[in-house]
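What follows is a short report on a single structure.
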Amino acid sequence: MKTILLVCLLGAALPVAAQVQDTNEYLQRMDSDGDGRVSPDEYLQWMLYAFDRMDRNGDGVLDAAEQPGGRGKPISRDEQREVILARFARQDANGDGYLSARELMAPPR
């Protein structure tokens, strides 16, 4: 359920300017320090953007009315952060603590 929420959050909240067309562009946008890989902090920053945009009242919790479709179990920013970090760990196929372009664009594991 939390993975579905994450996908919905990203699809619903990212502005057109943040949408990317290919792997290299996606990596470049997430890779804020330009080292060619995505750290957990860079991944969190990118992924929590959608949560923050949807949290209209700024209380750190997405209640049902703030979620896509106007329904769903409330989820806190901290809970979403843990979901995102778990997904990062699953995507980090080689276990080096970073996501390469290939790992970043791989189907969810």
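Mapped onto mature numbering (1 follows the signal peptide of the UniProt record, and there is no 0), the consecutive letters of the sequence shown carry residue numbers -18 to -1, 1 to 91.
Glycine included, every Cβ here is placed at the ideal spot set by N, Cα and C.
CB residue i to CB residue j, shorter than 9 Å?
i: residue 67; j: residue 9; result: no
i: residue 53; j: residue 26; result: no
i: residue 19; j: residue 81; result: yes
i: residue 15; j: residue 24; result: yes
i: residue 88; j: residue 75; result: yes
Return yes when the C-beta of residue i is under 8 Å from any heavy atom of the ligand GDP, and no when it is not.
i: residue 17; result: This structure lacks the ligand GDP; in fact it carries no ligand of any kind.
For the alpha helix (DSSP H) containing residue i, name the first residue and the last one.
i: residue 60; result: 59 to 73
i: residue 86; result: 83 to 87
i: residue 48; result: Counting along the chain, residue 48 falls outside any alpha helix (DSSP H), and DSSP gives it neither H nor E.
i: residue 78; result: Residue 78 -> no alpha helix (DSSP H), and no H or E assigned at all.
Name the DSSP bridge partner or partners of residue i?
i: residue 9; result: None, per the DSSP bridge assignment.
How would you label residue i, buried or exposed, when you count the other beta carbons within 10 angstroms and need 16 or more for buried?
i: residue 32; result: buried
i: residue 78; result: exposed
i: residue 60; result: exposed
i: residue 7; result: exposed
Can you tell me which of the three DSSP states residue i falls into?
i: residue -2; result: Because the pLDDT at residue -2 is just 46, under 50, the model does not fix this residue reliably, and the point stays unresolved.
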